[in-house]
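Remarks on the structure that follows.
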Amino acid sequence: MCRDLLRHLLLFVTLGITGIAMGQSHGLTFQALILNRPDNNTEIPGVDVPGGSYLSDQQLDIRFTIHNEDGDIDYQEEHTTTTDRYGLISVIIGDGTMTAESPDVFKEISWDGTPKELVVEVNIPEPFGFGMFVEFSRQKLVFAPYAYHRNITATGTMDIDGATNLNSSLSVNNGSPTLLTGTLTVDGCVYLHDCLVVDGTTDLNNGLNVNYNTPTDLSGTLNVDGATTMNSTLDVDGATTLNLTLDVDGATTLNSTLDVDGSTTLNSTLDVDGATTLHNTLNVAGATTINNTLTVAGNTTLQSDLFVEGSAEIGESLRLGRTADLGQLQVNTDGYANETTTLKARQGDISILGAESADGTARALVWDDGLIEMFPGTRQVRIDGQASGGATNNTGSYPLYVKGAQQGIAVKLNTSAVNSGNNFLYFSDNSYIRGSVQGQTLSELHNSFEYIWFNSMAVLDEAFILAEGVACGAQLDLGEAGVMAANAILILAQWAEEFYHMETEVGVVYQSNSADYAEWLQRDAGVEDLAPGTIVGVNGGRISTMTEGARQLMVVSTAPLVLGNTPPAGEEANYEKVAFLGQVPLQVRGVVNVGDYVLASGLNDGTGIGKAPADMTLEDYDRIVGVAWSRALFPNGTSQVNTAVGMNQGAINDQLKRQKQELDALKGTMQELLSYLRAKDPSFPVDLPGTAAQPAAAPPAVAAAPARTPVVRDRKEVEALLRSHPEILERTLAGARSLLAAKGYPVDEEPLAQCFNTEAFFARLNRSAPVPDRTPRPVVPDVPRSDQRIR
Numbered sequence: 012m013c014r015d016l017l018r019h020l021l022l023f024v025t026l027g028i029t030g031i032a033m034g035q036s037h038g039l040t041f042q043a044l045i046l047n048r049p050d051n052n053t054e055i056p057g058v059d060v061p062g063g064s065y066l067s068d069q070q071l072d073i074r075f076t077i078h079n080e081d082g083d084i085d086y087q088e089e090h091t092t093t094t095d096r097y098g099l100i101s102v103i104i105g106d107g108t109m110t111a112e113s114p115d116v117f118k119e120i121s122w123d124g125t126p127k128e129l130v131v132e133v134n135i136p137e138p139f140g141f142g143m144f145v146e147f148s149r150q151k152l153v154f155a156p157y158a159y160h161r162n163i164t165a166t167g168t169m170d171i172d173g174a175t176n177l178n179s180s181l182s183v184n185n186g187s188p189t190l191l192t193g194t195l196t197v198d199g200c201v202y203l204h205d206c207l208v209v210d211g212t213t214d215l216n217n218g219l220n221v222n223y224n225t226p227t228d229l230s231g232t233l234n235v236d237g238a239t240t241m242n243s244t245l246d247v248d249g250a251t252t253l254n255l256t257l258d259v260d261g262a263t264t265l266n267s268t269l270d271v272d273g274s275t276t277l278n279s280t281l282d283v284d285g286a287t288t289l290h291n292t293l294n295v296a297g298a299t300t301i302n303n304t305l306t307v308a309g310n311t312t313l314q315s316d317l318f319v320e321g322s323a324e325i326g327e328s329l330r331l332g333r334t335a336d337l338g339q340l341q342v343n344t345d346g347y348a349n350e351t352t353t354l355k356a357r358q359g360d361i362s363i364l365g366a367e368s369a370d371g372t373a374r375a376l377v378w379d380d381g382l383i384e385m386f387p388g389t390r391q392v393r394i395d396g397q398a399s400g401g402a403t404n405n406t407g408s409y410p411l412y413v414k415g416a417q418q419g420i421a422v423k424l425n426t427s428a429v430n431s432g433n434n435f436l437y438f439s440d441n442s443y444i445r446g447s448v449q450g451q452t453l454s455e456l457h458n459s460f461e462y463i464w465f466n467s468m469a470v471l472d473e474a475f476i477l478a479e480g481v482a483c484g485a486q487l488d489l490g491e492a493g494v495m496a497a498n499a500i501l502i503l504a505q506w507a508e509e510f511y512h513m514e515t516e517v518g519v520v521y522q523s524n525s526a527d528y529a530e531w532l533q534r535d536a537g538v539e540d541l542a543p544g545t546i547v548g549v550n551g552g553r554i555s556t557m558t559e560g561a562r563q564l565m566v567v568s569t570a571p572l573v574l575g576n577t578p579p580a581g582e583e584a585n586y587e588k589v590a591f592l593g594q595v596p597l598q599v600r601g602v603v604n605v606g607d608y609v610l611a612s613g614l615n616d617g618t619g620i621g622k623a624p625a626d627m628t629l630e631d632y633d634r635i636v637g638v639a640w641s642r643a644l645f646p647n648g649t650s651q652v653n654t655a656v657g658m659n660q661g662a663i664n665d666q667l668k669r670q671k672q673e674l675d676a677l678k679g680t681m682q683e684l685l686s687y688l689r690a691k692d693p694s695f696p697v698d699l700p701g702t703a704a705q706p707a708a709a710p711p712a713v714a715a716a717p718a719r720t721p722v723v724r725d726r727k728e729v730e731a732l733l734r735s736h737p738e739i740l741e742r743t744l745a746g747a748r749s750l751l752a753a754k755g756y757p758v759d760e761e762p763l764a765q766c767f768n769t770e771a772f773f774a775r776l777n778r779s780a781p782v783p784d785r786t787p788r789p790v791v792p793d794v795p796r797s798d799q800r801i802r
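Sequential numbering from 12 applies to the sequence shown in the working numbering.
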């Protein structure tokens, strides 16, 4: 039915194949007349069309599909158009909207002479059509004979299987390349108005004439198998390589450099009137006579003997790479020797033996404005330069400047076991010894103030915490007991870890009157200079006396042992030296005892207060600055105490807080359970420690809870309490041991194994802490002409 109706609707169709590539469009012109009734004749301008009236001013869709000889789609597109007043439509195939079924665009269709078919479908809205695409026409696309007589414009590939005769010129425009895969035979002349680029081999079977004095550029190799005759000058601007013999019968003039990479044989005389520069080796097999001066600007290597019968003058350095027997080398000078002369040894030693000077002193002096002085009597090398007063970042300010290798200075002592009596380095001013780098044995480590003090104070902290737990055990609720146990385990594990590193890394110790590691930190905006010993709060890497809510609490250093984080040049006034680790004096208010925790006072004035470990609450750990290592006896006013800083309390405090929150939740759950049991049985007597029953009736009078038993700060009483409850100490030692084992430490081997032994713990508890001696030692005056050692 659809096809019958379409035969009525579509009566007259023309397909304009001549529209290919005409004007600006590349496509096929398609025209059709749309009729709506087949019962009468209709006149349109110029012709009478039989079969019905035309369908004027009607919008419709039309779809074109081009099939190849296999029936597959080469191209498909759709148009939306409207008939004119006479029912005519006119579109260009190739300008429509390509459908998803089309494999490629119109201009990529291969017009290779194989059969192609055009299928036309139309979609006319109701009531004149069905509102859907319906096929009404199939037409073959054939070659147009008039194409022989027209210009051919092709946008795609043109393949020609047979011979091609061009009776006129061939122009390849737009700078497009032309590819010839076979032989190009040209019977006449070939004119190239631009470059000729040949990627492969080019054979010229006859002469190559380059006329009009035109230059010829060869950027690659020129291979000439036969003789080459040059009737005029040969100018070579670049390097020239001659792999075989070059025979020159006439004179040869070289106005510039001659570079010869291989051997050069001169069978006769070589006369050089000007300067000759040799940048590499000159091998002369026979005798060489130099009747005048030989000037060598660079290094000269003589691999055999050099015999000089006459005088030899060396104006600069003489470097000997191997042992040289100079016989007796005598330098006769009157006054100063050559100030720029330097004697260097690449291998072995240089020994300078003393000679009697005018005043009878046995010494040899190499002096360049006070540079090096050697005293064989004391076997001492002294560098006594006059460089002083310069900037610290200027190498010219230092009398000794070591340069030129991947390493710095190596110090080797003539002993097999260094101890505190062996100084690797020694530092002093004109009055006192300020520091030294000295050896240290394991025995000296065990007897050092820092080692004994560290272990004594650590075991005291641990013992006081455990003793308080024993003395107040009956009064602690579950939360407090859990917090105290966790605190004891963490402190013991932290001590054991530091103890392990001290024991296993003994060897060299830096000795100084200073006792803390510090870094430069910038003051917060508006903060004035801070005095040494001031407690500061750190927020975002900047410091101020505002300690409330600070992320970290530190102390302004008095005299740091190590100082890092150097501020930018010129900004030192905005920074302070802040102690990160070690001993540092700080300002405190009131009485402070040895072993007390020093907390920020809360006044935001840079001062602290002391608090005994037994009196610490969980909230106090956020305010810890350090542990007091000296006492403050005055109850009023401020004073200074030596304090150990650097404890990592943040992680400990966070963990304790989490444990307390969990225990508080557990306590609440237990109280709800007890309340439920009490509701079932009013006589139920059990309460959680620290809680009171909630009866429905008025509560009876309840006796006041007993006050917490104070912990006596006496080592003997602490030891007695711990020995009476050995399970508490053993559980704490086992917990600390497990923490370090999880970190990979060898807890079953010495020296760590003793850290978890109960008797070793009590032995450390009863060991007295030493009192440090920080008195500076005076410097022994320089005595350069004796054998006295400077200590």
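Glycine is no exception: its CB is placed at the ideal position from the N, C-alpha and C atoms. All figures in this text were calculated on a predicted structure; none of them were measured in a lab.
Rounded to whole angstroms, the separation of the alpha carbons of residue 271 and residue 211 is 31 Å. Secondary structure of residue 212 (DSSP, three-state): coil. Here the alpha carbons of residue 142 and residue 90 stand approximately 15 Å from one another. For residue 746, the enclosing alpha helix (DSSP H) stretches over residues 737–753. When the Cα atoms are used, residue 544 and residue 651 turn out to be separated by approximately 8 Å. Excluding five sequence positions before and after residue 243, none of the CB atoms of its chain fall closer than 8 Å to its own CB.
Ranked by Cα distance from residue 41, the options 583, 245, 313, 99 are led by 99. Where residue 537 is concerned, there is no enclosing beta strand (DSSP E), because DSSP gives it neither an H nor an E. Per the C-alpha coordinates, the member of 601, 318, 762, 617 positioned closest to residue 299 is 318. Counting only the Cα atoms, residue 107 lies some 23 Å from residue 123.
With fewer than 16 other CB atoms across the displayed protein chains lying within 10 angstroms of its CB, residue 734 is exposed. With 16 or more other Cβ atoms inside 10 Å of its own Cβ, residue 75 counts as buried.
Segment contact: the segment 590–609 against the segment 550–561, fewer than three CB-CB distances shorter than 8 Å; contact not assigned.
Its Cα nearest to that of residue 531, the residue 575 stands out among 575, 675, 199. Among the bridge pairs identified by DSSP, residue 596 is matched with 653. For residue 323, there is no enclosing beta strand (DSSP E), as DSSP marks it with neither H nor E.
Straight-line measurement puts the Cα of residue 177 at about 19 Å from the Cα of residue 188. By alpha-carbon distance to residue 404, the top candidate from 679, 581, 518, 559 is 581. The beta carbon of residue 758 sits closer than 6 Å to the beta carbons of 748, 751, 752 from its chain, once the five residues preceding and following it are set aside; these are given in chain order. For residue 521, the enclosing beta strand (DSSP E) has its first and last residue at 519–523. By the neighbour-count definition (other C-beta atoms within 10 Å, threshold 16), residue 744 is a buried residue.
By the 16-neighbour rule on beta-carbons within 10 angstroms, residue 679 is exposed. Residue 401 is positioned such that its CB atom lies no closer than 9 Å to that of residue 424.
Residue 565 sits buried, since 16 or more C-beta atoms from the chains shown fall within 10 Å of its C-beta. In the structure shown, residue 585 falls within a helical segment according to DSSP collapsed to helix, strand and coil. Just so you know, the alpha carbons of residue 128 and residue 110 end up roughly 18 Å apart. Residue range 84–93 is occupied by the beta strand (DSSP E) that includes residue 91. The three-state secondary structure of residue 672, taken from DSSP, is helix.
In the displayed model, residue 274 falls within coil according to three-state DSSP, outside both helix and strand. Taking a C-beta distance under 9 Å as the contact criterion, residue 103 and residue 71 do not qualify as a contact pair. DSSP lists 88 as the bridge partner or partners of residue 109. The Cβ-Cβ distance between residue 607 and residue 639 falls below 9 Å. Note on residue 587: 16 or more other CB atoms within 10 angstroms of its CB, so buried under the neighbour-count rule. Contact check for residue 149 against residue 133 fails: the beta carbons are separated by 9 Å or more. Around the beta-carbon of residue 65, 16 or more other beta-carbon atoms lie within 10 Å, marking it buried. Between the beta-carbon of residue 542 and that of residue 571 there is about 15 Å, and that puts the pair past the 8 Å contact cut.
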